[in-house]
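The opening residue of the sequence shown carries number 1 in the working numbering; numbering runs sequentially from there. The beta carbon of each residue, even a glycine, is placed where N, CA and C say it ideally should be. Worksheet: the structure to be examined is printed underneath.
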Amino acid sequence: MLAAIPQALRSVLAVLAGFVAMVALVIVCTLLAMQAMHLKSGHPTPGYLVINATYSLLAAVAGGWIAARLSRYKPLHHALALAMIVAFLSLVMLMKPSLSQSYTYQLAMAIVPPFAVLAGGWLASRQMGPDVAA
């Protein structure tokens, strides 16, 4: 069924699927971490921030991997498209300062995730083999 989808639509859907996967993973992990650490919304501990950064970066890698794998053609370009979306949204969030997180943490979470998305795309492209154009 996926083979019948035109490449342009497949590209858009691949990037969208990577983004949705990232968001879903972060939401689920956030809810689980907050429940496990008995945190109330808006009061993160330093330990929670480390855990949050870890699963957020892993979700970014997964999102890049998914976007690249679903694309079938030029997987790194699809991961780059997702990385650009993540970078834009990260910069928008950086403009809205948070009282519960340090600016350094916010800055790191704006800069690093796009590179994690690219890492996921790179991993997928390696798995897809040399026959797929980068």
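{"Query": "Excluding the 5 residues flanking Ile49 on each side, which residues of the same chain have their C-beta closer than 8 angstroms to its C-beta?", "Result": "The residue you asked about is not Ile; residue 49 is Leu in the sequence shown. Gln101 and Tyr105, listed in sequence order."}
{"Query": "Hey, could you find the ends of the alpha helix (DSSP H) Leu39 is sitting in?", "Result": "No alpha helix (DSSP H) contains Leu39, which DSSP labels as neither H nor E."}
{"Query": "Considering only C-alpha positions, which residue in the set Ala67, Tyr55 and Gln35 is nearest to Ala17?", "Result": "Ala67"}
{"Query": "Among the candidates Ser41, Val12, Leu32 and Arg69, whose CA atom is the shortest distance from the CA of Gly129?", "Result": "Arg69"}
{"Query": "Helix, strand or coil: which one does DSSP assign to Tyr73?", "Result": "coil"}
{"Query": "Should the region 50-67 be regarded as contacting the region 76-93, the criterion being three or more beta carbon pairs within less than 8 angstroms?", "Result": "yes"}
{"Query": "Does DSSP classify Ile111 as helix, strand or coil?", "Result": "helix"}
{"Query": "Should Pro113 and Ala60 be called a contact, given that it needs their Cβ atoms to be closer than 7 angstroms?", "Result": "yes"}
{"Query": "Could you check which residue in Ser41, Leu58 and Gly47 has the C-alpha nearest to that of Ala24?", "Result": "Leu58"}
{"Query": "Take the Cβ of Phe88 as the centre, count every other Cβ of all protein chains shown within 10 Å, and call the residue buried at 16 or more, exposed below.", "Result": "exposed"}
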